[in-house]
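Chemist: This structure is in structure tokens; I'll ask about it shortly.
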Amino acid sequence: MKKSMTIVAAAALAFASAGPAVAEIKRLEITAPAAAGGGYDQNARIMQQVLQKEGLASGIQVVNQPGAGGTIGLANYVNNKKRTPTLLIGGLALVGAIITNKSTVSFEDTYPLARLSADYQPIVVAADSPYKTVEDLIAKFKADPGSISWGGSGPGSTDHMLYGLLAKAAGVEPSKINYVVLTSGGEMLSGVMGGHVTVGTGGYSELSAQINAGKVRALAISSPERLPGIDIPTFKEKGYDVNLVNWRAVFAPKDLKAEEKQELEQAIDKMVKSEDWKAAVKQRGWSDAYMPPAEFAAFVKQEHVRAEGLFKELGLLK
14 MKKSMTIVAA AALAFASAGP AVAEIKRLEI TAPAAAGGGY DQNARIMQQV LQKEGLASGI
74 QVVNQPGAGG TIGLANYVNN KKRTPTLLIG GLALVGAIIT NKSTVSFEDT YPLARLSADY
134 QPIVVAADSP YKTVEDLIAK FKADPGSISW GGSGPGSTDH MLYGLLAKAA GVEPSKINYV
194 VLTSGGEMLS GVMGGHVTVG TGGYSELSAQ INAGKVRALA ISSPERLPGI DIPTFKEKGY
254 DVNLVNWRAV FAPKDLKAEE KQELEQAIDK MVKSEDWKAA VKQRGWSDAY MPPAEFAAFV
314 KQEHVRAEGL FKELGLLK
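Heads up: the sequence shown at position 30 corresponds to 43 in my numbering, and the numbers run straight through without jumps.
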């Protein structure tokens, strides 16, 4: 009798540890407000694969809606009231685009569901650059700001933000940055290696191959501490208070019912804890940056305020 009671108790405990079953979400649509292949699109398609494999959602469709830094996709997402469940991928770059494009919609018009992944950014110079360290670069920048050209994507991008934060930390007015807009990561690398721009940046996942091959030299990276297995000093250890992460996240419609929010929250929580999700993030050189709804909603507001203040110092806003 005691033995059978023990078995029943153990089974009950195992069931409780497994947690409640998560209902399968039918005909889920995920909007990536960018072209195929980029960070938003990759996050969307990894979600598609993992949610389906884990039995958390079915009939998942990824829709790409590029344009205006992601604000076109955001506006369509907010304004198109669909009956089927929908999600939107977004991130720090979209925060910048909302501000610089004076978008009529923002993340305030969505329900911040979860922060998902993060990509820290190194700054790089040509392999034969005279700037061997970040200290060398900053010394020249402080002496003659216009002599250093900083290559990156559009005004207000994460690249532009990183340079602005570094200028502030170095005691140089961010508006003095000689910023050169380059249309793609490939153009940025060509510009750096060809000597057309002094400095370039981008996600470590994009630049790691060229860094490891010695085609460009990484001077510092924007992570708060050194990343495991990556021999690049942080800005902070070099004495510059710079911390920037190019985060990517998932949002849901603002007017969801409580049970719909709970269903999505449980599905995302299960997804990010799955081995397939962790493996996909690691494979791409990203960092796991999961943040649940309440914490993430506060974080998004803080990032908007920080970006807006920085853009004023960069001369992008009056």
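Ideal placement from N, C-alpha and C gives every residue a C-beta, glycine not left out.
No experiment lies behind these values; they were computed from the predicted model shown.
(1) Who are A131's beta bridge partners in DSSP?
(2) Find the nearest neighbour of V193 within the set E42, E278, S162, E250, judged by alpha-carbon distance.
(3) P125: which of L87, V210, K267, G51 sits nearest, CA to CA?
(4) Return the bridge partner residues of A233 from the DSSP annotation.
(5) In chain order, what residues of the same chain lie with their CB nearer than 6 Å to the CB of L107, ignoring the 5 residues before and after it?
(6) Considering only DSSP beta bridges, list what T44 is partnered with.
(7) With distances taken between CB atoms, is the gap from T196 to L257 smaller than 8 Å?
(8) Does the Cβ-Cβ distance between Y217 and D132 come in under 8 Å?
(9) In angstroms, rounded to a whole number, what distance separates the CA positions of S340 and L87?
(10) Let me make sure I understand the geometry here. Which of R40, L101, E42 has the alpha-carbon closest to that of Y53?
(11) Beta-carbon within less than 7 Å of P306's beta-carbon, same chain only, minus the 5 sequence neighbours each way: which residues are those?
(12) Relative to the alpha-carbon of A45, which residue among L327, V35, Q74 has its alpha-carbon at the smallest distance?
(13) Out of T123, K283, N89, which one is the CA nearest neighbour of A310?
(14) Could you tell me which residues DSSP pairs with A265 in its beta bridges?
(15) Please state if the CB of R230 and the CB of V137 are separated by a distance shorter than 8 Å.
(16) So which of G167, K314, W299 has the shortest CA-CA distance to L129?
(17) Does DSSP classify N191 as helix, strand or coil?
(18) Excluding the five sequence neighbours on either side, which residues of its own chain have a C-beta within less than 8 Å of the C-beta of G11, listed in chain order?
(19) Going by DSSP, what residue range makes up the beta strand (DSSP E) through S287?
(20) Whether or not the stretch 269 to 276 and the stretch 232 to 252 are in contact is what I'm after, with contact meaning three or more pairs of Cβ atoms, one per stretch, closer than 8 Å; do they touch?
(21) So if DSSP puts T84 in a beta bridge, which residue, or which two residues, is it bridged to?
(22) State the DSSP-derived secondary structure class of E321, mapped to helix, strand or coil.
(23) By DSSP's criteria, G165 is part of a beta bridge. Which residues make up the other side?
(24) In angstroms, rounded to a whole number, what distance separates the CA positions of L330 and R319?
(25) V185: which of K39, G159, V76, K115 sits nearest, CA to CA?
(26) Who are the Cβ neighbours of K15 in its own chain at under 6 Å, not counting the five residues just before and after it?
(27) From Q78, P98, A182, pick the residue whose C-alpha is nearest to that of G72; which is it?
(28) Just the C-alpha distance for E219 and E316, rounded to the nearest angstrom, thanks.
Modeler: This is what the structure holds:
(1) To locate residue 131, count along the sequence shown from 1; it is residue 118. DSSP lists W260, S300 as partners of A131.
(2) On the sequence shown, position 180 is the one that residue 193 refers to. Among E42, E278, S162, E250, the Cα nearest to that of V193 belongs to S162.
(3) In the sequence shown, residue 125 corresponds to position 112, counting from 1. Checked all of L87, V210, K267, G51; the closest Cα to P125 is K267.
(4) Locating residue 233 in the sequence shown gives position 220, counting from the first residue. Bridge partners of A233: I136.
(5) Taking the sequence shown and counting its residues from 1, one reaches residue 107 at position 94. Excluding residues within five positions, the ones whose Cβ falls inside 6 Å are G83.
(6) Counting from one through the sequence shown, the residue named residue 44 turns up at place 31. V76, L101.
(7) Here residue 196 is taken as the residue at index 183 of the sequence shown, counted from 1. Here residue 257 is taken as the residue at index 244 of the sequence shown, counted from 1. In this structure, L257 does not lie closer than 8 Å to T196 by Cβ.
(8) Stepping through the sequence shown from its first residue, residue 217 is reached at position 204. Stepping through the sequence shown from its first residue, residue 132 is reached at position 119. Their beta carbons are under 8 Å apart, which means Y217 touches D132 by this criterion.
(9) Residue 340 is absent from the model: the chain starts at 14 and stops at 331.
(10) In the sequence shown, counting from the first residue as 1, residue 53 sits at position 40. It is L101.
(11) Working through the sequence shown from its first residue, we reach residue 306 at position 293. These residues qualify, in order along the chain: P125, L126, A127, E278.
(12) For this step, residue 45 is matched to residue 32 along the sequence shown. The residue with the shortest Cα to Cα distance from A45 is Q74.
(13) Residue numbering aside, residue 310 sits at position 297 when the sequence shown is read from its first letter. Ranking the options by Cα distance to A310, first place goes to T123.
(14) Position 252 of the sequence shown holds residue 265. Note: A265 sits in a beta bridge opposite Y124.
(15) Along the sequence shown, read from residue 1 onward, the residue named residue 137 stands at position 124. Along the sequence shown, read from residue 1 onward, the residue named residue 230 stands at position 217. Contact flag set, yes.
(16) As a first step, residue 129 is located in the sequence shown; it is residue number 116 there, counting from the start. Among G167, K314, W299, the Cα nearest to that of L129 belongs to W299.
(17) In the sequence shown, counting from the first residue as 1, residue 191 sits at position 178. In this structure, N191 counts as strand in the three-state DSSP scheme.
(18) Because the chain spans 14 through 331 in this model, residue 11 falls outside it and cannot be assessed.
(19) The residue you call residue 287 lines up with position 274 of the sequence shown. Element bounds for S287: n/a, residue is neither H nor E.
(20) no
(21) Taking the sequence shown and counting its residues from 1, the one referred to as residue 84 is at position 71. Its beta-bridge partners do not exist; DSSP assigns none.
(22) Counting from 1 along the sequence shown, the entry for residue 321 is found at position 308. In this structure, E321 counts as helix in the three-state DSSP scheme.
(23) As a working mapping, residue 165 is identified with position 152 in the sequence shown. Partner(s): V194.
(24) Indexing the sequence shown from 1 puts residue 330 at position 317. Indexing the sequence shown from 1 puts residue 319 at position 306. Answer to the nearest angstrom: the Cα atoms are 13 Å apart.
(25) For the purposes of this step, residue 185 is taken as residue 172 along the sequence shown, with counting starting at 1. When only C-alpha atoms are compared, the closest one is G159.
(26) To locate residue 15, count along the sequence shown from 1; it is residue 2. Low local confidence applies: a pLDDT of 46 at K15 is under 50, so the model's placement there is unreliable, and no value is given.
(27) Against the sequence shown, residue 72 aligns to sequence position 59. Taking only the C-alpha atoms, the option nearest G72 is P98.
(28) As a working note, residue 219 is residue 206 in the sequence shown. As a working note, residue 316 is residue 303 in the sequence shown. Those two C-alpha atoms are separated by around 23 Å.
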